[in-house]
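Protein chains in written order, with this note's numbering: chain P, 1 to 109; chain L, 1001 to 1168.
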Amino acid sequence: MANSPEFFLIISALVFSLGLVGMAVRRNPLVMFMSIELMLNASNLAFVTFSRFTTKFQGFHGGPSDGPVFTFVVMTIAAAEAVVGLGIIITIFRNKHTVDVDSMATLKG
Amino acid sequence: MPDILLVLAALITVGCAVGVIASKDAVHSALFLTVHLLGVGSLFLALTHQFLAVAQLLIYAGAVMVVFMFAVTTLSPKEEPFKIFDNLPSLAGIAAGAGAFGALVFAISRSQLHDHLAAPDAPLVTVRSFALDLFGPFLLPFEGTAFLLLVALIGAVILGGRRQLGDG
């Protein structure tokens, strides 16, 4: 029962939706970043699930490896995004001494 | 028995995802996120992708979470006004999340996934085959990630050393 693609895909959908809710509900930019990480992880889980269960692409050296390569790239992007994003948040905190996203509205017309 | 472990890992993963978005304290959110990432890593292991499980442990639960904890402790943000069911934007966000989940489950239930299932004896991704593929046909994206990390490093140095640059 549990070892089926639907099981993993529904976990992935649930985690993605929770990340979306966190992104919309929370006002703390750090927690919003964590919600982005949740969504990226959900997509990683879907990539790996499809790579494990479906058979469209069979890889070059045995085993479908396109899903893991995508996951690897997404992990790298998440790391880069976390470093640069948190650097930006810390710079904003230095200048404005607040981390409430609603107060960061300088560019709002 | 493996099914019970799998369901347990899934419950930990989803429960800690709820904890991330529902904790008042950002430190608690970060700790919940760490356990969530470990849960996703164990699901990778259940999907027979050993390399990704270890990479998840090292990159996410190790490196990225250290950066997050640094930021959380440096900023030490005051408790945000936290009333989920009071204001309209929060309700709209929860509705959007529920709608996204409904749409995704609908798409999963309508997909012809079982027409494309791999045969039980199809070759699985091993660490060896993944390495041969990553350093063979997928070498260009792999080098792209190296370039991306270099750009992120330069960006972090510029953001962190802004004050010194402005003085000079």
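A virtual CB, placed ideally from N, CA and C, is assigned to each residue, including glycine.
Check, Outcome
"Decide if P:Gly85 is buried, meaning its Cβ has at least 16 other Cβ atoms within 10 Å, or exposed.", "buried"
"May I ask you to report which of helix, strand or coil DSSP gives P:Arg27?", "coil"
"Within 7 Å (strictly less), CB to CB, does L:Thr1034 reach chain P?", "no"
"At 9 Å on the CB atoms, spell out the chain P contacts of L:Gly1136, in chain order.", "Phe60, His61"
"Considering only DSSP beta bridges, list what P:Thr54 is partnered with.", "L:Leu1117"
"Are the C-beta atoms of L:Thr1073 and some chain P residue less than 7 Å apart?", "no"
"Residues of chain P with CB closer than 8 Å to the CB of L:Leu1149, please, in chain order.", "Thr76, Ala79, Ala80"
"Would you verify that the beta carbon of P:Asn95 is, or is not, closer than 7 Å to some beta carbon of chain L?", "no"
"Just the chain P side, please: which residues come within less than 7 Å of L:Pro1123 by C-beta, in chain order?", "Gly62, Gly63"
"With H, G and I counted as helix, E and B as strand and the rest as coil, what does DSSP make of L:Ser1023?", "coil"
"Tell me which residues share the same chain as L:Leu1006 and place their Cβ nearer than 7 Å to its Cβ, disregarding the 5 neighbours each side in the sequence.", "Ala1046"
"7 Å is my cut-off, CB to CB: does L:His1028 come that close to chain P?", "no"
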